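Enquirer: If you count by the numbering used here, then the sequence shown holds residues 37 to 104, one letter each, in order.
Okay, handing you the structure first.
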Amino acid sequence: MLHGPGVADAKGGLAVMLVALLAFEQSPLRNHVGWQVLINPDEEIGSPGSSPLLVQAAARHACACASY
37 MLHGPGVADA
47 KGGLAVMLVA
57 LLAFEQSPLR
67 NHVGWQVLIN
77 PDEEIGSPGS
87 SPLLVQAAAR
97 HACACASY
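See the structure below:
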């Protein structure tokens with residue numbers, strides 16, 4: 037059992053993300069659009085450790101989807 041800030045919504049978000057990516061990989065777009073998944077463990081406290089990595093990733097991509 038996991039305990040901590042955001043644990044319940046994080047597990048649900050991961051499950052939704054997995055199903056969405058599996059569906060995307062079945063679509064005709066799969067060969068034309070790439071994707072990258074970033075999961076930051078410190079979101080609940082303002083992302084002090086992962087912010088630089090998120091900024092670097094954002095610079096490499098044209099769009100993003102976020103789950104809150």
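Glycine included, C-beta positions come from ideal geometry on N, C-alpha and C.
The structure displayed is predicted, hence computed values, not measured ones.
Taking DSSP as the reference, what is the three-state secondary structure of residue 78?
Expert: If DSSP states are grouped into helix, strand and coil, residue 78 belongs with coil.
Enquirer: With DSSP as the reference, label residue 48 as helix, strand or coil.
Expert: Residue state, collapsed to three classes: helix.
Enquirer: Thinking just about the alpha-carbon of each residue, which of 74, 100, 88, 95 is nearest to the one in residue 46?
Expert: Nearest of 74, 100, 88, 95 to residue 46, Cα basis: 74.
Enquirer: In angstroms, rounded to a whole number, what distance separates the CA positions of residue 76 and residue 69?
Expert: In a straight line, the C-alpha of residue 76 is about 23 Å away from that of residue 69.
Enquirer: Can you tell me the Cα-Cα spacing of residue 48 and residue 54, whole angstroms?
Expert: For residue 48 and residue 54, the distance between alpha carbons rounds to 10 Å.
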